[in-house]
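Below, the structure written as structure tokens:
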């Protein structure tokens, strides 16, 4: 299955104001999937003989992991998007192409998001973590707790206070593009063309062996590893193209409010409705001045147009985010049993339940329908204060 879902954005000076990098993502998932916002503190791991259990497989642990805040489908170990205490932010996208997708259980792209955040204090180091794990353990497995098989390759947008990286994969092969200024976005398609700053050492040889590249013309990663006509990529009616247009429209004046408005845009399809829905959103402010804190905003609820972006800052002695944490089922969780997902649990957290109740009032009572715009204005005022 190849649904159109997820959009991730970054804007860097001079496209932004006040010397900040702005990161944003909409996570588009199955409409009944609950996404939680959770915090994990930094930790020291003395017993490296103990393996780390990710969603499906176990991997080697590292001596130290950083504090992270994650927005994630409540049934899995990894994350759709998140940030760490050093101001590194990562969001991933599902992508497909000529390389066959692996259904065998390995690391999910969402596991790689969390691992990159826990193990790296810069964007490029997070890229290193992800590609090393990709080479050692591979990527694959069902990305849905429903009955359907939903597997894909992954692309990643990784940002910190200084720069951003685009990492796009096809199986174990990958290409990366460094972004040092302006705007960039990723969606459900390969987008790295001829500007390749780092790559898998066998990426080009593999493409030649498969007959995808003749070894003579200029190497274009997206054109070689997918079916995209990259010459028309920026004029197509795709969400990737529409997302870039929205960023470009505000270039020079992009703020965190601008990014929130882009994530709320429904005509472009970026704020998705239907079977696949924008189930959660994230926006981060990453000041280039290290004396200023990074601020991360999460909805934790579906549809950013009808959700409040709530701020999070890494400070000492953070307690768990109980209002946005889903119930824990331990060994009774169907993701931990084989075969997986024979039953589906109620994973709604307190904020999700309250959000559903509020929407029911708005949708079902005629006298409240005129209040919809007033409610949205109230949301916006809350975000600004």
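Residue numbers (our numbering): 276 to 660.
Backbone N, C-alpha and C fix where the C-beta goes; we use that ideal spot for every residue, glycine too.
Every value quoted in this text rests on a predicted model; they were computed, and no experiment measured them.
A check of alpha carbon separations from residue 478 across 495, 626, 303 identifies 495 as the nearest. Per DSSP, the unbroken beta strand (DSSP E) holding residue 448 starts and ends at 448 to 454. Residue state for residue 563 is assigned as coil, using DSSP reduced to three classes. If you draw a straight line from the Cα of residue 627 to the Cα of residue 442, it is about 32 Å long.
Taking the Cα positions, residue 378 is about 43 Å away from residue 528. Per DSSP, residue 308 has no beta bridge partner at all.
Close CB contacts of residue 316 within its chain, under the 6 Å cut and outside five residues either way in sequence, are with 342 (chain order).
A contact between stretches requires three or more CB pairs, one per stretch, nearer than 8 Å, and the segment 553 to 560 meets this requirement with the segment 299 to 306. Per DSSP, residue 630 lies in no beta strand (DSSP E); the unbroken alpha helix (DSSP H) holding it starts and ends at 625 to 639. Between the segment 361 to 373 and the segment 385 to 402 there are three or more C-beta pairs closer than 8 Å, enough to call the two in contact. Residue 480 sits in a helix when the DSSP states are folded into three classes. The Cβ-Cβ distance between residue 500 and residue 372 falls below 8 Å. Taking C-beta atoms under 8 Å as the contact rule, residue 452 and residue 416 fail to qualify, at a distance of about 27 Å. Residue pairing from DSSP places residue 459 in a beta bridge opposite 285. Leaving aside the five residues that flank residue 610 on each side, the residues in its chain whose CB is nearer than 6 Å to its CB run, in chain order, 350.
For residue 486, there is no enclosing alpha helix (DSSP H), as DSSP marks it with neither H nor E. Three or more pairs of CB atoms, one per stretch, sit closer than 8 Å, so the segment 565 to 583 contacts the segment 539 to 549.
In the DSSP assignment, residue 496 falls within the alpha helix (DSSP H) that extends over 496 to 500. The beta carbon of residue 490 sits closer than 6 Å to those of 483, all from its chain and outside the five residues before and after it, given in chain order. Looking at the DSSP output, residue 364 shares a beta bridge with 358, 434. Within the same chain, and ignoring the five residues on either side of residue 444 in sequence, the residues whose Cβ sits closer than 6 Å to its Cβ are 428, 429. Our two residues, residue 503 and residue 591, have alpha carbons roughly 47 Å apart in a direct line. Residue 602 and residue 327 have their C-alpha atoms roughly 21 Å apart. About 20 Å separates the beta carbon of residue 299 from that of residue 314, a gap too long to meet the 8 Å contact definition. Distances from the CA of residue 324 to each of 334, 330, 318 were compared; the closest alpha carbon is that of 334. Counting only the Cα atoms, residue 639 lies some 24 Å from residue 622. For the pair residue 450 and residue 474, the CB atoms are nearer than the 8 Å cut-off. Burial is judged here by how many other beta carbons sit within 10 angstroms of a residue's own beta carbon; residue 294 has fewer than 16 and is exposed.
Inclusion of residue 545 and residue 282 in the CB contact set at 8 Å is warranted, their separation being smaller than that value. Per the coordinates, the alpha-carbon of residue 493 lies some 45 Å from the alpha-carbon of residue 615.
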